[in-house]
Each structure stands twice: as structure tokens, then as C-alpha cells.
Amino acid sequence: MGADRAANEAQAYQKLPLEGIKVLELAQFYAGPMGAAYLRDFGAEVIKVEDPKFVDPQRKYVNWRGIQIPERDGRILWFEEMHKGKRSIALSLDTEKGKGIFRRLVEHSDVFITNNRRRTLERLGVDYASLRAINPRLVYVRVTGYGPEGSDRDKPAFDMAAQARAGLMMYLTRDHKNDDPFMAYMMGDEAGAIATAWGATMGIMARERHGVGQLVDTSLLGGVLSFFRSPFFFALTTGRELETRKRSGGTTVPLSNVYKCADGLWLVMTAGAILPVYWPRLCTAIGKPDLENDVRFSTAEARRRNNAELIKLLDEVFVQKNRDEWLETLAEYELPASKVNTVVEATNDAQVETNFVRAMEHPVFGKVRLPSGVPFRMSNVKAISTFEAPALGQHSEEILEEVGYSRSDIAACVEDGTVVNGKGS
109 MGADRAANEA QAYQKLPLEG IKVLELAQFY AGPMGAAYLR DFGAEVIKVE DPKFVDPQRK
169 YVNWRGIQIP ERDGRILWFE EMHKGKRSIA LSLDTEKGKG IFRRLVEHSD VFITNNRRRT
229 LERLGVDYAS LRAINPRLVY VRVTGYGPEG SDRDKPAFDM AAQARAGLMM YLTRDHKNDD
289 PFMAYMMGDE AGAIATAWGA TMGIMARERH GVGQLVDTSL LGGVLSFFRS PFFFALTTGR
349 ELETRKRSGG TTVPLSNVYK CADGLWLVMT AGAILPVYWP RLCTAIGKPD LENDVRFSTA
409 EARRRNNAEL IKLLDEVFVQ KNRDEWLETL AEYELPASKV NTVVEATNDA QVETNFVRAM
469 EHPVFGKVRL PSGVPFRMSN VKAISTFEAP ALGQHSEEIL EEVGYSRSDI AACVEDGTVV
529 NGKGS
């Protein structure tokens, strides 16, 4: 019995949860393609459709905000990572013949992902109503900038616009010394991609349980607001904004704060006021047990009221030892604390490396360290260890053959330019 169970578990370990799911991607830039990439990571087959006249601009990005993206033999690493394991068909969508091929692809697909604007989808005949008529079981995932309803539903938007509209940009920069709220973090794109994958997965689950497909609307703005949920909740229900960058004064909690150590490095404590047990532990850990019953700090309310005084005192304490010494001491007393990393430092953090970075092999770049992509791990899922993005139209002919086109039909499509047959590496 034990041997049979082990064999079954070993077999399950080789299977990915989305194996057999076919995804058709008509999307550019980040949120749509990266959302499809997350599905591919868990076994879905993804076909990227590009019109040869309007290829995904990410194929050409070699510099991003001053950082040179690794490039080799015409391959751009960012594009390779975002499209790993996908297949590509280059198809002219503005011809009747090309539209006919696309409809055939839809018949054989489970999920369609797009971040094109509504008017473009309608012009090409690939809007939800049109594709649902072809395949009622299709899960149609539409990524917009600002959501499916309202006066701005059809406005174009990119990452920073979603951050700005959600309030995130102003929220995270309002206490900076400079006057402008500029922030270049890609929260809109990242959150939009996860929302796309999440929405697609829910659509697949609903179809498997209830037998029909549906329209799944996601957006960059909605993605930001979901990741930004707690500040948005408090603003929505109280009309006030949480403080972000005050180390002292206001509502700052001394036990949830950052402190500079003797070596100039920062640590963060997150003991807060939630569990009263942390205060006496901290007093002992820093060698000041008398503080525990000091009337200025003996209760959570007293510590909040006198936070500037307590933070100044703790500043004077933490600057006496190096950060690693303090982290070791705080860990001995089971006080939640962490080093404050830069992003580059995080890439070399052993804990990050062990759990959230994976080494993958690429035929051109060789071994590359990449983000693991998702913040969870499944015990019976084996991670993919190789990656490569498709050349434009690399799989055009084989995809057409799979959906029923004859060799002569395929040759005619290539000859008249309806499809482009690219070459792989």
C-alpha cells in the first residue's frame, strides 16, 4: 500500500495543475502577457498571437529606466522571461483570411487574454460577444486601464496612470522632501498581471464546475487597489489616510519602526502594539528592564502618546551595536525584526534566494537567476527549470496544422502573407 501511494505521489509530482488548458494571448506590454506567463508556469499551453505589423514592443525593449536589459544574439532577457514556454503565431488580423484562422484558434482554446482597447477588439471582430458565439465555454479575460464601467472605461492607460489614479503615487511620496509625487515602481503592471492570472484561474474553475465560460474583467487600477487594500479601506471608511513615513510623532508606533545601527545599516521592528508580551521582552533584550514599568511607556497607549521620546531613546540604544548583533539578540527574545534591504541586497539574501529565486537554463543566456514569480509553493508541483521565449511566428505552421489546416493551405497562407513563419533558435 505504501509503495502504491509513493508511486501515485511521484506521478502527481510530474503534473502541473493547468496541464491541458489552452490559452490564446492577444496582448502586449506587461499585464496581459505576464498574466498568461503565470498560467504557463503552472502548465497551461499559451499561444501568443501577434500581427507582424504590430509586434509586441517588449521584443525591442533593451533599456528600462536607465538599466540596460541583458541582451544576447538578438534575445532580450526580460522578454524571454515574460514569454517563457509560450508558442508564437504571426497572423495578419486585418484580413478575412487571418480572422478566419483566429476564429479557428478560438474554437480550440479554453482561455483568451487581451489588453487591447474595446474599439480595437470590436474592429477585429474579437470582442467578447463575437468569440462567445464561436466558443461558449471560452473564458475571456479582458485587461483594461480603469475597469469595465464608468466614463473612463475605454481610456488608454499604462502602469503609472493606474498608480496615480488609485492614490498610491501620492500616498507613498507625500512626505518626501521633493515637491512632485513621481514614483516609477511598476505596481500597476505587476498587480494587473496577477489579477489577470487570478481572474483566468477563477474563470477556468467556474467553467469546470458549471460548464460555461464567461467574461472576466481585470484592470490595472483594480489590481493596484487590491494590493493597496488596507490604506484604501481606511480612507473609504474614515475619510483619513494612514501615515506612511513619519518615524516620530503623529500616530507612529515605536515598536513598529526602523532604527539605524552602529554600522550605518537599518533594521525594522514589527512588534507593534498588538501583542503586549513584546514590550517586556524588548526592555530585557536592549538591557533596560526598568523601562517596562516606566509610566511613560508601560502601556500601548502611553507609548503612542510619548512615541517621540521613546523613539529617541531607542535610537540611542540601537546605534550602539551593529545590525547583525541586534538581529541576533532580538531573535533570542522572539521579537519580530528584519534587516532593511535594498533591492540588490534582497537578491543576495539567503532567505530570499532559498524561497523566491530560481536558477533556470536558457539556450542563449545559460544559467540565469529569476524571480520565482508567485508567492506560494505547491508540494506536488515540480517547478519548470528551463525557459525560452518564441521567435515571432516560430510555431505558426505547427499551430495551423494542429487546428486542422492542410499542408497546402498552410503553404498558401505563408505565401500570401496571412501568416509569417518565423525561425527559432
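Quick note: to get this note's numbering, add 108 to the position in the sequence shown (first position is 1).
A virtual CB, placed ideally from N, CA and C, is assigned to each residue, including glycine.
Of the listed residues Ala305, Ser238, Ser493, nearest to Val482 (C-alpha basis): Taking only the C-alpha atoms, the option nearest Val482 is Ala305.
Secondary structure of Met313, DSSP reduced to three states: In this structure, Met313 counts as helix in the three-state DSSP scheme.
Alpha helix (DSSP H) segment containing Glu509, residue limits: 504 to 510 is the span of the alpha helix (DSSP H), which, as asked, contains Glu509.
Environment of Arg148 [buried if 16+ CB atoms lie within 10 Å]: By the 10 Å Cβ count, Arg148 comes out buried.
Buried versus exposed call for Thr309 [16 or more other C-beta atoms within 10 Å across all chains shown]: Of the residues assessed, Thr309 falls on the buried side of the cut-off, its CB having 16 or more other CB atoms within 10 angstroms.
contact_flag[the stretch 316 to 324, the stretch 260 to 268] where n(CB pairs < 8 angstroms) is 3 or more: At 8 angstroms Cβ cutoff, the stretches do not touch.
First through last residue of the alpha helix (DSSP H) which encompasses Tyr367: In the DSSP assignment, Tyr367 falls outside any alpha helix (DSSP H) and lies within the beta strand (DSSP E) extending over 364 to 368.
Where the alpha helix (DSSP H) containing Ser334 begins and where it ends: Counting along the chain, the alpha helix (DSSP H) containing Ser334 begins and ends at 328 to 335.
Touching by the beta-carbon criterion (3+ pairs, under 8 angstroms), the stretch 156 to 168 and the stretch 438 to 455: Judged by Cβ distances under 8 angstroms, the stretch 156 to 168 makes no contact with the stretch 438 to 455, as fewer than three pairs qualify.
Stretch pair the stretch 381 to 399 + the stretch 426 to 444: three plus CB contacts closer than 8 angstroms: Output reads yes: the stretch 426 to 444 touches the stretch 381 to 399.
Burial state of Ala144 (16 or more Cβ within 10 Å): Of the residues assessed, Ala144 falls on the buried side of the cut-off, its CB having 16 or more other CB atoms within 10 angstroms.
Proximity of Thr252 and Arg226 at Cβ, strictly below 9 angstroms: Yes, they are a contact pair.
Proximal residues to Ser480 (C-beta, below 6 angstroms), its chain only, five neighbours per side dropped: Counting only Cβ-Cβ distances below 6 angstroms, and skipping sequence neighbours, we find Phe464, Arg466.
The stretch 325 to 340 in contact with the stretch 293 to 302 per 3-pair CB rule at 8 angstroms: Note that the stretch 325 to 340 touches the stretch 293 to 302; at least 3 beta-carbon pairs, one per stretch, sit closer than 8 angstroms.
Top-ranked residue by Cα proximity to Asp432, from Glu400, Ser196, Val376: Asp432 has its Cα closest to that of Val376, out of Glu400, Ser196, Val376.
Val476 versus Lys192: straight-line alpha-carbon distance, rounded: Cα to Cα, the separation comes out at about 13 angstroms.
In DSSP terms, what Glu153 is bridged to: Bridge partners of Glu153: Lys130.
Between the CA atoms of Leu344 and Ile394 - distance to the nearest angstrom: Taking the straight line joining both Cα atoms gives about 39 angstroms.
Length of the line joining the Cα atoms of Arg180 and Tyr169: Using only the alpha carbons, I get a separation of about 13 angstroms.
DSSP beta-bridge partners of Gln271: Gln271 is not bridged to any residue.
Val247 vs Gly321 beta-carbon contact at 9 angstroms: Cβ distance < 9 angstroms, so Val247 and Gly321 count as in contact.
Cβ pair Leu276, Met294 closer than 9 angstroms: No. Outside cutoff.
Residue(s) in a DSSP beta bridge with Ser516: Bridge partners of Ser516: none, in fact.
Three-pair Cβ contact test at 8 angstroms for the stretch 215 to 222 versus the stretch 186 to 200: Verdict: no, contact absent.
Range covered by the alpha helix (DSSP H) that runs through Ile242: DSSP places Ile242 in the uninterrupted alpha helix (DSSP H) bounded by 236 to 242.
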